[in-house]
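Residues 3 to 132 (the working numbering) are what the sequence shown spells out, left to right. All C-beta atoms in this analysis are idealised placements derived from N, C-alpha and C, irrespective of residue type, glycine included. The structure presented is a predicted model; accordingly, all values stated were derived computationally and were not measured. Each remark here refers to the structure printed beneath this line.
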Amino acid sequence: MRILIIDDDGFVRSVAAALLTARGHECEGAPAAMEGIARAQSEPFDVVLIDMVMPGLHGLEAVKEIAHIIPPIPVIAMSAGSPSTPPEDFEVLALRMGASAFLAKPFNSTQLMQAIATAKPPAICAPSAQ
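Right under this line is the structure:
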């Protein structure tokens, strides 16, 4: 699979990419939501892994853009939360915006691989029969 990792934390991008490439996936990174959206619009990806808390465009808005404007790319949202919002709240919001899965940070390789394995485009993103 070709996976886009959008996170402003370079360490998180590097660790996620290392875990995924070790399992045979091809990974690309973007340090900001707007750059990630642009790459998802212009390059083919099988899955997008995106942080919820980043400077600039909020991750929730980016999830909405990628999940609804660029189907059928499955989106996996991830977050450690913020001082005012626990990760569980981000999970509910991200799933409402169109994410297919959520990872609470820190996550381990098993959790990451499970999220990737189950990240499928929602049925509403499949081409409709006419």
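Counting along the chain, the unbroken beta strand (DSSP E) around residue 7 starts and ends at 4 to 8. Beta-bridge annotation (DSSP): residue 77 is paired with 50. For residue 119, the uninterrupted alpha helix (DSSP H) segment begins and ends at 111 to 120. Counting the other CB atoms within 10 Å of its CB gives residue 45 a total below 16, which places it among the exposed residues. Closest in C-alpha terms to residue 13, from the list 115, 107, 112 and 36, comes 107. Residue 50 sits close to residue 75, with the two beta carbons spaced by under 9 Å. Restricting attention to 18, 10 and 34, the CA atom closest to the CA of residue 117 is found in 18. Taking the CA atoms as reference points, residue 11 sits about 11 Å from residue 52. Taking C-alpha positions only, residue 23 is separated from residue 99 by approximately 28 Å. Contact check for residue 121 against residue 97 fails: the beta carbons are separated by 9 Å or more. For residue 30, there is no enclosing alpha helix (DSSP H); the enclosing beta strand (DSSP E) covers residues 28 to 32. If you ignore the 5 residues before and after residue 77, its C-beta comes within less than 7 Å of the C-beta of 50, 52, 65, 68, 69, 100, 101 and 102, all in its own chain and listed in chain order.
Assignment of beta-bridge partners to residue 105 by DSSP yields 80.
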